[in-house]
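Residue numbers for the sequence shown, in my numbering: 11 to 218. C-beta: ideal position from N, C-alpha, C; glycine also.
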Amino acid sequence: MTAFGVTDAGDVLARFDAAETRILLSLSGQLAEMLADVAEPSAGLDPAIGRLFPDAYREDPDASAEFSRFTRTDLAAAKVAAASTVQRSLASTSASDDDPSPSSVAGAGAVPSSSDAEFVLDTEAGWSWLRHLTDLRLTIAARLGVVDDPNAFDEEPDPAQTSDDDLLARGLFDWLGYVQELLIAALEEGAAVRAAGNGGTGTASPPV
Numbered sequence: 011m012t013a014f015g016v017t018d019a020g021d022v023l024a025r026f027d028a029a030e031t032r033i034l035l036s037l038s039g040q041l042a043e044m045l046a047d048v049a050e051p052s053a054g055l056d057p058a059i060g061r062l063f064p065d066a067y068r069e070d071p072d073a074s075a076e077f078s079r080f081t082r083t084d085l086a087a088a089k090v091a092a093a094s095t096v097q098r099s100l101a102s103t104s105a106s107d108d109d110p111s112p113s114s115v116a117g118a119g120a121v122p123s124s125s126d127a128e129f130v131l132d133t134e135a136g137w138s139w140l141r142h143l144t145d146l147r148l149t150i151a152a153r154l155g156v157v158d159d160p161n162a163f164d165e166e167p168d169p170a171q172t173s174d175d176d177l178l179a180r181g182l183f184d185w186l187g188y189v190q191e192l193l194i195a196a197l198e199e200g201a202a203v204r205a206a207g208n209g210g211t212g213t214a215s216p217p218v
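Right, dumping it as structure tokens:
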């Protein structure tokens with residue numbers, strides 16, 4: 011069960027169960043692989059790439075192509091870095107009997123994908139998570155054929171007229187949005203804790 015809390019220091023305490031951890035690791039890995047090929051000519055044919063790297067000048071293809079040539083590699087690197095932050099977080103070791111505190115991203119170690127994940131995110135890592143979740147949702151939307159319609163997902167899909175793959179993708183899209191909402195709330199609470207001058211260790215707001 012996805013849960014976020016806030017430590018007394020204002021960092022975010024996150025928990026994902028084993029199934030959620032596997033899903034996030036799989037999605038993040040697929041996106042990182044796609045971004046690794048972003049410089050290939052064929053990448054421009056992928057609608058997901060179009061969502062992740064929108065045209066800077068829609069009415070001027072030449073200017074847009076020039077802008078992309080100078081910026082896409084750096085933008086892709088930033089997106090890959092965000093994906094790496096998410097993957098390191100999810101691979102962080104769970105609390106042990108000898109050390110009951112959750113692992114931080116900086117000290118992440120590998121654990122089997124069948125394990126639950128519990129870890130602490132500082133503000134920078136939290137924002138990396140938010141950016142990566144946005145990239146995942148944009149990619150899924152593109153795979154579903156949604157490019158410019160902001161209201162495309164306002165209504166529930168009709169199972170009788172929607173393929174199983176699309177229903178699964180829609181479910182993932184909605185769940186990732188839910189994770190984003192919880193994380194934003196936790197980051198805001200953490201900012202309030204820091205602003206109030208709270209410090210130390212422990213958990214001010216447990217994951218719920």
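I need the boundaries of the beta strand (DSSP E) containing G15, first residue and last residue.
13-17
Closest residue to V189 among S36, H142, P64 (Cα-Cα distance)
H142
Going by beta carbon distance, what residues of the same chain come within less than 7 Å of R153, once the five residues before and after it are set aside?
A58, A179
According to the neighbour-count rule (16 or more other Cβ atoms, all chains shown, within 10 Å of its Cβ), is M11 buried or exposed?
exposed
From D56, R79, L146, R68, pick the residue whose C-alpha is nearest to that of K89; which is it?
L146
CA-to-CA distance, R68 to T81, given in whole angstroms:
16 Å
Length of the line joining the Cα atoms of W137 and L37:
18 Å
So, for A195: in the same chain, excluding its five sequence neighbours on each side, which residues have a beta-carbon less than 8 Å away from its beta-carbon?
F14
First through last residue of the beta strand (DSSP E) which encompasses E128
127-131
Quick check: the Cα distance between G187 and E30, rounded to an integer number of angstroms?
14 Å
Straight-line gap, D18 to E199 (C-alpha atoms, nearest Å)
11 Å
Whether L131 touches A93 by CB criterion (8 Å):
no
For the alpha helix (DSSP H) holding F26, just list the boundary residues, first then last.
Careful: F26 lies outside any alpha helix (DSSP H), inside the beta strand (DSSP E) at 22-26.
Please classify T95: is it buried, with 16 or more other beta-carbons within 10 angstroms of its beta-carbon, or exposed?
buried
Please return the same chain residues whose Cβ sits closer than 7 Å to the Cβ of L192, not counting the five positions on each side in sequence.
T12, F14
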